[in-house]
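K.L.:
Residue numbers (full-length UniProt numbering): 9 to 481.
Even for Gly, the Cβ is constructed at its ideal location relative to N, Cα and C.
Since the model is a prediction, treat every value here as computed from it, not as a measurement.
Questions regarding the structure given below will be posed in turn.
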Ligand code: ATP
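Below, the structure written as structure tokens:
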């Protein structure tokens, strides 16, 4: 299973999806760059999320807030005081780990072995220790579970300490007048501080939502699961403001809606599940993760949290500005409750990539391809003239010109047709359009379907419609 992750990482690099950041300098831990096909896939995922949120829901609008925020924001949100994770060091490798992640990895491994009960009781024990902030107890659990350092293989652990995950930097030209600000560790606060701006200017009535896509930064310690846990990553968050007392209904509603979204993207039923939190954050009255069965076990892709009125109340207290809504239907002022859906674009990318990766043997030959839903595939179609002569390239380019405004397509006329098909399989192009001699006679082409490799003849003037239909979500 873990070797499958290795194959996936290698494939992502080899075929232009994801590279380690600053690779010529041997990379930077937990930071990655997206290549030619990676950026297309990521943009498609982001667009799909954005459109589902803001277009399919007439009561959700978007914003784009800054990464830098007033430092008091993070006092109010609780991040300065409690955005801590328990850290532990291995004395032999001198490597530092997040204690909660070590436990989660162990639980995921137990579950993979079929030891469901042991996995559950481990998570629940850890949940209780985290709740009680019992650092010594956490260390004891790690030792009792004989958790080994992935590098040294030993169980020689230090004490557990709390570690704040926020990155800080200075604003101001000279040291004397500079002050510390943070790189946002989540995008949500940009939504909360703009709650009234948006509510008033976009004339929103509760219940309504604000959606945002943007970078977030966390000084994550463990970094062995590729783009699952990064120091610089992108979040897609939507805060949904509701009347107090209705939050549980909306919480369930959003959890179901988001599950459906993942399934519509092609994630099979048995690979995705809801998982209630063992430990609730200080601001939440209900919380669950949507988990995907990664090569390293079931892990969080998206969080659905009922955040109560905690954030708005905190900002009201710290800013001394009223953060309330007048509800004309019940003639009352109140601080809305909030349901949050929060997903990492990079983690969604990894899930999509793992789910699409097929390495199969058919007719005695092995074939690797990426079976992306056409709506998110980086390249929708490749136009491939059979040969480089007899006017086939000209005909191919004519088709390319017709389709390029509406679809990301590739034109390629070098190399054998078989090799060109293989190349498109490897980047997950759902359709290969071959231009042959018959095309010159009757204006038809063949479409080769990636997953079945079946070929069908269609008229050139039907291509646009066929692609549009296949690439819709
Ligand atoms: P974890 O426990 O895995 O650190 P979290 O519960 O702190 O995650 P949230 O704060 O709920 O995560 O963040 C919401 C979403 O943002 C997560 O579901 C995940 O998709 C994404 N995310 C969080 N941290 C990272 C990271 N370091 N790298 C990539 N994506 C991340």
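So, are the CB atoms of residue 20 and residue 221 less than 8 Å apart?
P.N.:
Here residue 20 corresponds to residue number 12 of the chain shown, with the count starting at 1. Here residue 221 corresponds to residue number 213 of the chain shown, with the count starting at 1. The answer is no: Cβ separation not under 8 Å.
K.L.:
Would you decide whether residue 93 is buried or exposed? Buried here means 16 or more other CB atoms lie within 10 Å of its CB.
P.N.:
Within the chain shown, residue 93 is the residue found at index 85, counting from 1. With 16 or more Cβ atoms within 10 Å of its Cβ, residue 93 is classed as buried.
K.L.:
Are the Cβ atoms of residue 74 and residue 198 separated by less than 8 Å?
P.N.:
Translated into the one-based positions of the chain shown, residue 74 becomes position 66. Translated into the one-based positions of the chain shown, residue 198 becomes position 190. Contact flag set, yes.
K.L.:
Enumerated in chain order, which unbroken segments of the beta strand (DSSP E) with a length of 3 residues or greater are wholly contained in the region 300-361?
P.N.:
Runs of the beta strand (DSSP E) inside the region 300-361: 305-316, 333-335, 340-342, 345-352.
K.L.:
Could you check the C-alpha separation between residue 257 and residue 212 for me, to the nearest Å?
P.N.:
Counted from its first residue, the chain shown places residue 257 at position 249. Counted from its first residue, the chain shown places residue 212 at position 204. Between residue 257 and residue 212, the C-alpha separation is close to 20 Å.
K.L.:
Fully enclosed by the region 378-465, which alpha helix (DSSP H) runs are 4 residues long or longer?
P.N.:
List check, alpha helix (DSSP H) in window: 400-411, 425-435, 445-450.
K.L.:
Is the region 430-445 close to the region 381-393, with three or more CB pairs under 8 Å?
P.N.:
Yes: the two stretches touch, three or more of their Cβ pairs being nearer than 8 Å.
K.L.:
Quick test of the definition: if touching needs 3 or more C-beta pairs under 8 Å, does the region 286-302 touch the region 159-168?
P.N.:
Because the criterion of three Cβ pairs below 8 Å is not met, the region 286-302 and the region 159-168 do not touch.
K.L.:
On the criterion of 16 or more Cβ atoms from any shown chain inside 10 Å, does residue 312 qualify as buried, or is it exposed?
P.N.:
Reading the chain shown from its first residue, position 304 is the one you call residue 312. Burial call: buried.
K.L.:
The alpha helix (DSSP H) spanning residue 162 covers which residue range?
P.N.:
Position 154 of the chain shown, counted from the first residue, corresponds to residue 162. Run containing residue 162: none; DSSP gives neither H nor E here.
K.L.:
Label residue 458 either buried or exposed according to how many other C-beta atoms from any shown protein chain fall within 10 Å of its C-beta, with 16 as the threshold for buried.
P.N.:
Here residue 458 refers to the residue found at position 450 of the chain shown. Buried, by the Cβ-count rule.
K.L.:
Around the ligand ATP, what residues have a beta-carbon under 6 Å from a heavy atom of it, in chain order?
P.N.:
Counting every residue whose Cβ lies closer than 6 Å to a heavy atom of the ligand ATP, we get 194, 226, 228, 237, 238, 241, 243, 308, 309, 310, 311, 350, 351, 352, 354, 355.
K.L.:
What is the C-beta distance between residue 84 and residue 323, in whole angstroms, given that I count them as a contact (C-beta under 8 Å)?
P.N.:
The sequence position of residue 84 within the chain shown is 76, counting from 1. The sequence position of residue 323 within the chain shown is 315, counting from 1. About 5 Å separates the two Cβ atoms, so the contact holds.
K.L.:
Report buried or exposed for residue 365, applying the criterion of at least 16 other Cβ atoms within 10 angstroms of its Cβ.
P.N.:
Here residue 365 corresponds to residue number 357 of the chain shown, with the count starting at 1. Buried, since its Cβ has 16 or more Cβ neighbours within 10 Å.
K.L.:
Count the other CB atoms, across all protein chains shown, that sit within 10 Å of the CB of residue 350; report buried if there are 16 or more and exposed otherwise.
P.N.:
Here the question's residue 350 lines up with position 342 in the chain shown. Answer is buried; the Cβ neighbour count reaches 16.
K.L.:
What are the boundary residues of the beta strand (DSSP E) that residue 178 is part of?
P.N.:
The residue you call residue 178 lines up with position 170 of the chain shown. Residues 176-179.
K.L.:
What is the DSSP secondary structure of residue 11, counted as helix, strand or coil?
P.N.:
Along the chain shown, read from residue 1 onward, the residue named residue 11 stands at position 3. Residue 11: helix per DSSP, three-state reduction.
K.L.:
Quick one: any contact between the region 98-112 and the region 151-161, if contact means 3 or more CB pairs under 8 Å?
P.N.:
Short answer: they touch.
K.L.:
Are the CB atoms of residue 447 and residue 453 nearer to each other than 8 Å?
P.N.:
Your numbering for residue 447 matches position 439 in the chain shown. Your numbering for residue 453 matches position 445 in the chain shown. In contact: residue 447 and residue 453 (Cβ atoms closer than 8 Å).
K.L.:
What's the gap between the Cα of residue 250 and the Cα of residue 207?
P.N.:
As a position in the chain shown, residue 250 is number 242, starting the count at 1. As a position in the chain shown, residue 207 is number 199, starting the count at 1. Approximately 12 Å, taken between the alpha carbons.
K.L.:
Starting from residue 106, follow its DSSP beta bridges and name the residues at the other end.
P.N.:
In the chain shown, counting from the first residue as 1, residue 106 sits at position 98. Looking at the DSSP assignment, residue 106 forms a beta bridge with 95.
K.L.:
If you compare alpha carbons, which of 407, 244, 310 is closest to residue 263?
P.N.:
On the chain shown, residue 263 is found 255 positions in, with the first residue counted as 1. Comparing Cα positions, the closest option is 310.
K.L.:
Report the three-state DSSP secondary structure of residue 244 (helix, strand or coil).
P.N.:
Taking the chain shown and counting its residues from 1, the one referred to as residue 244 is at position 236. Three-state result, residue 244: strand.
K.L.:
Using only alpha-carbon positions, find the residue among 401, 423, 378, 33 that is nearest to residue 433.
P.N.:
If you number the chain shown from 1, residue 433 lands on position 425. Selected option, being the one with the closest Cα: 378.
K.L.:
Given a cut-off of 8 Å on the beta-carbon distance, is the pair residue 38 and residue 238 in contact?
P.N.:
Here residue 38 refers to the residue found at position 30 of the chain shown. Here residue 238 refers to the residue found at position 230 of the chain shown. In contact: residue 38 and residue 238 (Cβ atoms closer than 8 Å).
K.L.:
In this structure, what does DSSP give as the bridge partners for residue 250?
P.N.:
Taking the chain shown and counting its residues from 1, the one referred to as residue 250 is at position 242. DSSP, once it has assigned bridges, lists 345 as partnering residue 250.
K.L.:
Can you tell me whether residue 285 is helix, strand or coil according to DSSP?
P.N.:
Here residue 285 corresponds to residue number 277 of the chain shown, with the count starting at 1. Looking at residue 285 - three-state DSSP - the assignment turns out to be coil, as it is neither helix nor strand.
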